[in-house]
Amino acid sequence: MVSRKRVLVHVGTPKTGTSHLQDVLFRNRAVLADHGICYPAERFDSHFLAALDLMKLNWGGLELEAVGAWDALAEQVRAWPGTSIVSHEILATASRMQVDRALSTLTGDGPTDAGDVEVHVVLSVRDLVRQIPAEWQENVKHRSAISYARFLETITDPERDSRIGTWFWGVQEIPDIVNRWAATLPPERVHLVTVPAPGAPRDELWHRFSQAFGLDGIDLDLTPERANPSLGVPETALLRRVNRKFAPRVDPADYRPLVRELLAHQTLSRRRRSDRLTLPPALHTWAQEVSGTWIEEIRTRGYDVVGDLDDLLGPPPPETWSDPDAPAEAEVAGAAVDAIGALLIEAARLREVEGRLTHELAETRAALDRSYLRPTYRLREKAVHALEHSGVGRGLLALYRRARGRSSRSA
Amino acid sequence: MTARAWGWVRHLRAGGTTPWAQWPEGPEGDAEPAGRVIPGAQQLELLRRLNQVGAPGPELATRVLEASAPGRGRPDLELVGAAHDSRFGARPVDPGDLSEDELVRVATLLLAEDLVALGPVPRRPDAVPRPWRRRYRLVGDPLLSDPVRRELIARGHGPRPGGVIVVLGTDLPTMLADFWTARCFAFGQGSLGLGAQGLGAHGVPSWPEWLESWRARQGVPTRIDLPGVARTWVQRRGSRQHVHVLTDPGQRPDVRELLGVRRLPAPVRPSAEAAELARRLSMALGLMVTPARRELLLTEGLMPRLPSTELSALSGPAGSSSATGSAAPPVVPDEHRDWVRQRGERMSRRLVRAGYAELPIGPGLEDGSSEADPSGGSGGSGDVLSLAMRMLLGDWKGPLEGKPVKW
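Listed in order, the protein sequences are those of chains H and D.
Using the working numbering, read the first sequence as starting at 1 and increasing by one per residue.
Using the working numbering, read the second sequence as starting at 412 and increasing by one per residue.
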């Protein structure tokens, strides 16, 4: 039997273990290729760049590296005779027109079933109860100073026409994402991978991904190397205060390494004993009602569900809720001390770099000044160098210097 | 209901201008699908508006309908009454209710594609540097100094170290507007040397947002901090006598004498709408070309091709420009007037203490005056859309051979 060429397009959603999945796929490209599976990526974020290119999105300067990335990715997919995987969570927001272009270029013609190409759409999904606080935290890690209360107000506004509301529902509303990506696909080619409820075995999510992507039985290196670590309540509150006061004064190019990477990911995310961000109890019922309508819709449509659809209802409200807009100040102070320490160490490192560069700059400037001197100077300099290479020349130079009345040898 | 939507698409492709709300229901307005996906409401409405002001032609119509709005914002929206599944996703809209800002987003992608295809306006090669040229440096307000320097380099009279330092400036509101305009066109990578001015590679903020960021910083961009610029050059040159700060447009003869040239180019100041369009275009261009190419396209591709009505001859403060068109540069909005005036006065005092002439207050900042318009003088969406549509319809694609690059 000749197996059909397949393209698996994983289009989200964010905060569903996608970084780990993409890391495993990227590091195991060679092993996957041996099993007839192509994950076409020259660098870890290749598919992210391709998605930025497809959707014409700016992303803090990264889009500069994305020019032509989608077409390059699609070309590799078209050239692969077996199964190809494309994965990035921001694809969830693609418009119908962009989806049409994406699927047409991946298959080489029709959007869903061109010739022998079989398109599958995979969507990993998590309950709104956990997604909402996670998405607010992502906003804070991307310079936003919006309070948690305001964020919640924005996303619960039925108009959904704000920038935050548009993005949030664009990447979270499961039936809408499937409407855009898989309106013409048969339901068995739409695969929903649910993120297990809290308390499930650590590798349960990977098992579900593995099943959805057909990776069972392949010996993959699953060592976790990349993740998008979460912050606790006081740490997120601290970051928001920093954003409120300083984000307008810090270049995005500086913000990314100093605040998001150094402070958030490398420093504050290590404080694991603080309260975790959760949904306010008052919104639990609303979130579960919204999820309930989605679950019903998914069941009606008959998609392939890997995991349990009831996972989408989310955990029950916590017994005590910690409000990030009114955090325990002592804990925020503790986080601030850690942050100051990290910045001090970084500042010391940068001072060392600055000292070295200052020295190099002084040397360069001196050389530049010399090069700007009169042309006759350079002519004389050349003459001196030439004369110093022969005995006769050195004698003539000595004679000249005695005649000028000085004894310095340097020109 | 999708048959009605396809009917409207066909109508618009044929040059129609009937709004969606008035498009007939039933067989009269229906048509067979002409593609796999109904274009978004933003794209359809932009095509309708283009049909209202010109004849876009089938090629441009197709490009408009297939375009995606770049950057984050509202997704391509479905037409109210013709949505695939209105229970989920963004609410379908009547395209007539869309803001002009949404339409500008779509238009900028197309203009960016045009600009990439057109490339920079060819200009004659730079002349060989004259060995006898005067030693000078020309710094200060980017709209006043950069075009002059560029032209002098082309004539073989480029700057070189060791001579006079000429610092060109004007009143602070105008310099702020000039600096923001320069950022919109050049994106601050390379030649303007503006990368460290808090704007980075993320795109230039809108005029009001940009002013707000400088209010928060309690300073002004280094390049237009004239006392600071003068002090830096005095330290580097070792003497005050080599540094000349010229803030009066009547001092052009002095500039010519200091630079050792008989004539100076007359730079131009783009309108607020043109600057705002350039700002948006730079973001769209960032998705297509390298930063260096983007800067080149904006300065030597877009700038010289702007309709003449969007440019005014520049000889000094914005308010005193001898306009060749109706171009009005960005105006400091009311809420920023106080800090701009205070900072301008402080700058003027520092200049006087350092032995230079005082700085003019600037248009609209005199006590009791108010020039601010509701859009903050930054190019309202309606004006920007109008300019974008004129350009989409080909207002800027005429032959330019021989036309000098003004920047």
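Glycine included, each C-beta is placed from N, C-alpha and C at the ideal position.
Would you kindly report the start and end of the unbroken alpha helix (DSSP H) that includes residue i?
i                     : result
residue 245 (chain H) : 233-246
residue 723 (chain D) : No alpha helix (DSSP H) contains residue 723 (chain D), which is instead part of the beta strand (DSSP E) from 722-724.
residue 56 (chain H)  : Note, residue 56 (chain H): premise wrong, no alpha helix (DSSP H); not H, not E.
residue 707 (chain D) : 702-708
residue 637 (chain D) : 637-648
residue 135 (chain H) : 128-141
residue 662 (chain D) : Unbroken run through residue 662 (chain D): none, as it is neither H nor E.
residue 414 (chain D) : 413-424
residue 624 (chain D) : 618-628
residue 392 (chain H) : 391-404
residue 537 (chain D) : Run containing residue 537 (chain D): none; DSSP gives neither H nor E here.
residue 104 (chain H) : 96-107
From the DSSP secondary-structure annotation, give me the bridge partner or partners of residue i.
i                     : result
residue 551 (chain D) : D:579
residue 655 (chain D) : D:577
residue 117 (chain H) : H:5
residue 571 (chain D) : D:547
residue 595 (chain D) : Answer by DSSP bridge pairing: none, since residue 595 (chain D) is not bridged.
residue 37 (chain H)  : H:83
Where residue i and residue j are concerned, what is the direct C-alpha to C-alpha distance, given to the nearest angstrom?
i                     : j                     : result
residue 543 (chain D) : residue 767 (chain D) : 29 Å
residue 554 (chain D) : residue 149 (chain H) : 44 Å
residue 126 (chain H) : residue 291 (chain H) : 10 Å
residue 307 (chain H) : residue 118 (chain H) : 23 Å
residue 318 (chain H) : residue 284 (chain H) : 10 Å
residue 510 (chain D) : residue 487 (chain D) : 13 Å
residue 562 (chain D) : residue 618 (chain D) : 28 Å
residue 551 (chain D) : residue 249 (chain H) : 22 Å
residue 59 (chain H)  : residue 205 (chain H) : 28 Å
residue 293 (chain H) : residue 527 (chain D) : 46 Å
residue 450 (chain D) : residue 754 (chain D) : 50 Å
residue 589 (chain D) : residue 765 (chain D) : 24 Å
residue 441 (chain D) : residue 417 (chain D) : 7 Å
residue 42 (chain H)  : residue 49 (chain H)  : 11 Å
residue 723 (chain D) : residue 717 (chain D) : 11 Å
residue 173 (chain H) : residue 142 (chain H) : 22 Å
residue 799 (chain D) : residue 525 (chain D) : 12 Å
residue 324 (chain H) : residue 144 (chain H) : 14 Å
residue 16 (chain H)  : residue 75 (chain H)  : 28 Å
residue 233 (chain H) : residue 131 (chain H) : 15 Å
What is the DSSP secondary structure of residue i, counted as helix, strand or coil?
i                     : result
residue 756 (chain D) : helix
residue 176 (chain H) : helix
residue 201 (chain H) : coil
residue 122 (chain H) : strand
residue 162 (chain H) : coil
residue 681 (chain D) : strand
residue 83 (chain H)  : strand
residue 490 (chain D) : strand
residue 449 (chain D) : coil
residue 6 (chain H)   : strand
residue 218 (chain H) : coil
residue 427 (chain D) : coil
residue 799 (chain D) : helix
residue 90 (chain H)  : helix
residue 564 (chain D) : helix
residue 230 (chain H) : coil
residue 743 (chain D) : coil
residue 366 (chain D) : Missing from the structure shown is residue 366 (chain D); chain D here goes from 412 to 818 and no further.
From what residue to what residue does the beta strand (DSSP E) around residue i run?
i                     : result
residue 24 (chain H)  : Premise fails: residue 24 (chain H) lies in the alpha helix (DSSP H), 18-27, not in any beta strand (DSSP E).
residue 155 (chain H) : Where residue 155 (chain H) is concerned, there is no enclosing beta strand (DSSP E), although the alpha helix (DSSP H) it sits in stretches over 148-156.
residue 191 (chain H) : 190-194
residue 15 (chain H)  : No beta strand (DSSP E) contains residue 15 (chain H), which DSSP labels as neither H nor E.
With a floor of 3 residues, list each beta strand (DSSP E) that falls wholly inside the region 252-318 of chain H, ordered by position along the chain.
304-306
Taking the runs of the alpha helix (DSSP H) that are 4 residues or longer, which of them lie wholly in the region 466-531 of chain D?
468-477, 511-529
May I have a chain-ordered list of the alpha helix (DSSP H) segments no shorter than 4 residues that lie completely inside the region 328-381 of chain H?
329-372
If you measure beta-carbon to beta-carbon, which residues of the region 170-182 of chain H are closer than 7 Å to chain C?
Reference to chain C is not applicable here, since the protein chains of this structure are H and D.
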